[in-house]
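The sequence shown begins at 1369 in our numbering and counts up by one. Shown next, in structure tokens, is the structure this report addresses.
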Amino acid sequence: MATAVFFHAHPDDEAIATGGTMLIGAQRGHRIVLVCATDGGRGEAAPEMIPTGETLADVRARELRAAGDVLGVSRLEFLGYRDSGMEGEVTNDDPGCFWQADVDEAAERLATILREEDAQLITFYDPIGGYNHPDHIQVHRVGKRAAELVGVPHCFESTMNREQMKGFADDPAWAEMANTDDVSIEESAAQRSDLLDADLGTPAAEITHAIDVSSVIDVKRTAMAAHRSQITDDSVFLRLSGDAFLQAFGVEWFVEVGALRSGEPYQRDIFERLC
């Protein structure tokens, strides 16, 4: 069996974007290594979620370990950078944050892990990091460079299906599910408008792989729920019905780097060429 490395920006990204694929790989006997670029310390959490004497980064590290156990992760590593915060925030200028990291230096940190593991497969994000978060864009840059340094033979960009995301935003039923008591109708409408206008993820015609994770969807949901400081019981993710959750998270999308073809019919297995 082979080693597959999943490179993510913050704790909880792994469960949301690639959790089902990771678990399927582990079930097949592959060694699953999870590398997280940042400590997630710029996330939002209610004060009661952070025990006295701890930081949010401490909490999120513990949550990531719990989620990794659920998803069959054999090794978990942090690259050691601070969370950069959302696009445009002053924290983007923090010299210790991932966004400010030298790409080659960060890539060498990741490359060290790839060499130790003799990794045959790596995933990182698409060039816009899915939704233009600075740390996600940097994951693409660093992950791609590290794979080049080591010569990882199978590289995949984890992404979102742009047309699917716009479809969710334009669906009144989804808008109703997304409404919460602390979000006004006007704010909800503005969020939907922003989602419809944004170029999220990757156009469907450029995607190469659609991984059906419906067989492990309940475990994926459990892994997402392990990130309790970020995905609370009343979050829109966990308030979805079983069918709606499956519709939203039952397929994980990838673009194979260097693939000769893309679009439908999508390929269904990123592990198929691993020994």
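Glycine is no exception: its CB is placed at the ideal position from the N, C-alpha and C atoms. These numbers come from a predicted model, not from an experiment.
Cβ-Cβ distance between residue i and residue j below 7 angstroms
i, j, result
"His1376", "Thr1406", "no"
"Ile1585", "Leu1614", "yes"
"Gly1388", "Glu1620", "yes"
"His1595", "Asp1380", "yes"
"Pro1521", "His1508", "no"
"Ser1597", "Met1369", "no"
"Tyr1493", "Ser1526", "yes"
"Ala1627", "Thr1576", "yes"
"Val1471", "Val1510", "yes"
"Asn1516", "Val1401", "It is worth fixing the name first, because residue 1516 is Glu in this sequence and not Asn. No, these two residues do not count as a Cβ contact at 7 angstroms."
"Ala1383", "Ala1425", "no"
"Gly1569", "Arg1530", "yes"
"Phe1622", "Phe1536", "no"
Closest residue to residue i among the options (Cα-Cα distance)
i, options, result
"Phe1446", "Pro1463, Arg1641 and Arg1428", "Arg1428"
"Glu1412", "Val1438, Gln1635, Gly1436 and Met1454", "Met1454"
"Cys1465", "Ser1582, Gly1409 and Gly1569", "Gly1409"
"Ser1571", "Lys1534, Arg1396 and Glu1484", "The identity of residue 1571 in the sequence shown is Pro, whereas the question assumes Ser. Taking only the C-alpha atoms, the option nearest Pro1571 is Lys1534."
"Ala1372", "Val1604, Ile1481 and Ala1573", "Ile1481"
"Met1579", "Met1528, Gly1456 and Ala1479", "Looking at the sequence itself, residue 1579 is Ile, so the reference to Met does not match. Considering only alpha carbons, the answer is Met1528."
"Ala1475", "Met1592, Val1587, Tyr1449 and Asp1538", "Tyr1449"
"Ser1582", "Ala1469, Ala1616, Ala1566 and Met1592", "Ala1616"
"Gly1497", "Gly1610, Thr1423 and Trp1467", "Trp1467"
"Asp1503", "Glu1473, Ala1487 and Ala1469", "Ala1469"
"Leu1444", "Asp1451, Arg1430 and Ser1452", "Arg1430"
Beta-ladder partner(s) of residue i, from DSSP
i, result
"Ala1593", "None; Ala1593 has no bridge partner."
"Glu1525", "Phe1492 and Val1623"
"Phe1446", "Cys1404"
"Ile1579", "Glu1620"
"Arg1646", "In the structure displayed, the chain extends from 1369 to 1643; residue 1646 sits before or after that span and is not available."
"Arg1399", "Thr1371"
"Gln1506", "The partner list for Gln1506 (beta bridge, DSSP) is empty, contrary to what the question assumes."
"Gln1615", "Answer is none; Gln1615 lacks a bridge partner."
Endpoints, alpha helix (DSSP H) assigned at residue i
i, result
"Thr1386", "Asp1381 to Gln1395"
"Phe1466", "Unbroken run through Phe1466: none, as it is neither H nor E."
"Ile1481", "Val1471 to Glu1485"
"Gly1436", "Leu1424 to Val1438"
"Met1454", "Per DSSP, Met1454 belongs to no alpha helix (DSSP H) and is neither H nor E."
"Arg1530", "Arg1530 to Ala1537"
Length of the line joining the Cα atoms of residue i and residue j
i, j, result
"Ala1612", "Asp1602", "15 angstroms"
"Ile1490", "Arg1607", "32 angstroms"
"Cys1643", "Gln1635", "18 angstroms"
"Met1390", "Leu1439", "6 angstroms"
"Gly1393", "Arg1399", "8 angstroms"
"Cys1404", "Val1441", "12 angstroms"
"Ile1505", "Gly1618", "24 angstroms"
"Thr1386", "Thr1420", "32 angstroms"
"Pro1633", "Arg1396", "24 angstroms"
"Gly1631", "Pro1415", "45 angstroms"
"Thr1459", "Ile1599", "22 angstroms"
"Val1551", "Val1604", "Confidence is the limiting factor: at Val1551 the pLDDT is only 47, short of 50, which leaves the residue's position unreliable, though a coordinate-based value still follows. Roughly 12 angstroms separates the two Cα atoms."
"Leu1478", "His1501", "20 angstroms"
"Glu1457", "Glu1574", "31 angstroms"
"Leu1432", "Ala1593", "11 angstroms"
"Gln1532", "Asp1462", "35 angstroms"
"Asp1539", "Val1587", "27 angstroms"
"Glu1473", "Glu1640", "32 angstroms"
"Ser1609", "Arg1483", "42 angstroms"
"Glu1422", "Ser1452", "20 angstroms"
N-terminal and C-terminal residue of the beta strand (DSSP E) that residue i is part of
i, result
"His1365", "Residue 1365 lies beyond the residue range present for the chain, which begins at 1369 and ends at 1643; the question has no answer from this structure."
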